[in-house]
Amino acid sequence: MYTRVTLCDLPTPLQYLEKLSDLYHNQIYIKRDDLAGPEPGGNKARKLEFILGEAKKQGARHLITCGSTFSNHCRLTAMAALQQGLDCTLVLNKPEDDSREIKNRGNYFLYNLLDVNLEIVSRSEREARMEEVYQELNNRGKKPYLIQGGGYGRAGLHGYVETAAEIKHQARLPEGRFDYLFLATGTGTTQAGLLIGNYLHRCAETIIGISVEPTSQQGEQEIKECLKDYCQHHNLPAELIYQDLILLDDYIGAGYGIIEDNLIETVSRVAREEAILLDPVYTAKAFRGMVNFLKKKQIRNKKVLFLHTGGLPILLSSSEHWDFK
Ligand SMILES: Cc1ncc(COP(=O)(O)O)c(C=O)c1O
């Protein structure tokens with residue numbers, strides 16, 4: 075039903091975090107989706123395998139997508155397009171600070187390094203500009219294909235339905251599943267995919283998404299719609315699956331992309347204890363949320379899986395937040 079292109083070397087590793095398990099009194103594992111797809115990878119690569127599969131099936135020759143100046147989704151879309159011989163335009167939010175320094179850092183640096191087309195507009199003009207770019211390319215016979223921000227949608231979601239089966243197969247736990255699975259949630263496509271995959275394959279008792287930005291009612295509604303759309307196509311019980319959605323808003327802090335001291339501490343601790351690199355916008359927020367949740371609920375001796383969704387360029391572009399002597 076879904077056509078796939080190969081971008082990822084699967085399965086991604088599933089590792090045990092020995093020191094952090096001792097520290098936080100649970101058996102903590104990590105699923106390394108930061109290693110999925112073109113380097114430096116991330117969760118979007120799994121989605122893009124199916125999104126590009128669909129695009130190529132439709133004869134697309136030019137991908138268009140959108141995001142922030144530090145969007146992992148945009149960077150991976152650009153890389154996937156190059157690997158598959160497609161052109162690519164990224165419609166990016168105009169940064170508050172559009173100095174040369176910003177453009178030479180992190181994912182923005184990589185967009186330029188990869189030499190894809192960039193359209194910089196204000197956040198409110200983004201959707202309209204995507205549509206205009208689409209029309210312009212279409213009129214010139216360039217066969218454009220629009221990818222929603224964050225890889226939102228049914229094909230992208232499918233990548234994470236499959237991941238639940240991969241986790242189940244890899245873990246080989248005597249109990250047959252993890253007690254908890256934690257992840258960072260933005261558009262919610264990854265979490266929705268895992269929820270459906272979990273209904274089918276039971277890889278975790280409870281899946282908990284940690285919001286990286288305020289989850290408006292609209293945000294939850296979008297997750298629901300995406301999940302419902304997939305379920306309708308596959309004849310699955312959307313309402314039942316949706317009941318398992320747990321999305322915690324408690325760890326958003328000052329807002330999306332705002333790097334606070336507690337996130338710097340989390341990134342540093344995980345790096346120093348386990349040599350694993352989190353980023354301060356997505357994965358550190360989720361990791362910190364997980365640790366606080368386990369403490370607050372006095373959860374001990376459980377099997378806990380953290381999904382590492384990537385974001386290394388964001389870490390490398392945030393180095394000024396560390397005040398090394
Ligand atoms: C590193 C990282 N983690 C998590 C997410 C959230 O994924 P989703 O949009 O599927 O909720 C993103 C989205 O951009 C991301 O870049």
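Position in the sequence shown counted from 1, then plus 74, gives you this note's numbering.
Ideal placement from N, C-alpha and C gives every residue a C-beta, glycine not left out.
Alpha-carbon spacing of L321 relative to P387, whole angstroms: As a position in the sequence shown, residue 321 is number 247, starting the count at 1. As a position in the sequence shown, residue 387 is number 313, starting the count at 1. Cα to Cα, L321 sits roughly 26 Å from P387.
Check: A258 C-beta below 7 Å from any heavy atom of ligand 1: The sequence position of residue 258 within the sequence shown is 184, counting from 1. Yes.
Cβ pair L389, V341 closer than 8 Å: Translated into the one-based positions of the sequence shown, residue 389 becomes position 315. Translated into the one-based positions of the sequence shown, residue 341 becomes position 267. Cβ distance < 8 Å, so L389 and V341 count as in contact.
Touching by the beta-carbon criterion (3+ pairs, under 8 Å), the segment 152-161 and the segment 349-367: no
Simplified DSSP assignment, three categories, for G230: To locate residue 230, count along the sequence shown from 1; it is residue 156. Helix at G230.
Which of helix, strand or coil DSSP assigns to R106: Mapped onto the sequence shown, residue 106 falls at position 32. Strand at R106.
Member of A349, N366, E334 whose CA lies at the smallest distance from the CA of W396: Taking the sequence shown and counting its residues from 1, the one referred to as residue 396 is at position 322. Of the candidates A349, N366, E334, the one whose C-alpha sits nearest the C-alpha of W396 is E334.
For K217, the three-state DSSP class (helix, strand or coil): Position 143 of the sequence shown, counted from the start, is the residue given in the question as residue 217. DSSP places K217 in coil when its eight states are reduced to three.
C-beta contact flag for N100 and V378 at 8 Å: For the purposes of this step, residue 100 is identified with residue 26 of the sequence shown, where counting begins at 1. For the purposes of this step, residue 378 is identified with residue 304 of the sequence shown, where counting begins at 1. Yes.
Selection from Y325, S198, P87 that minimises the alpha carbon distance to T259: As a first step, residue 259 is located in the sequence shown; it is residue number 185 there, counting from the start. Residue Y325 is the option with its Cα nearest to T259.
Spatial neighbours of G327 in its chain, beta-carbon cut-off 6 Å, leaving aside the 5 residues before and after: In the sequence shown, the residue the question calls residue 327 occupies position 253. Answer for G327: E334, listed in chain order.
R106 beta carbon less than 8 Å from that of Q132: Position 58 of the sequence shown, counted from the first residue, corresponds to residue 132. Position 32 of the sequence shown, counted from the first residue, corresponds to residue 106. Cβ distance not < 8 Å, so Q132 and R106 don't count as in contact.
Identity of the residues DSSP links to D397 by a beta bridge: Locating residue 397 in the sequence shown gives position 323, counting from the first residue. DSSP output for D397 lists no bridge partner at all.
Cβ neighbours of Y330 in the same chain (closer than 7 Å, five flanking residues each side left out): Translated into positions along the sequence shown, residue 330 becomes position 256. Result list for Y330: V286, E287, in chain order.
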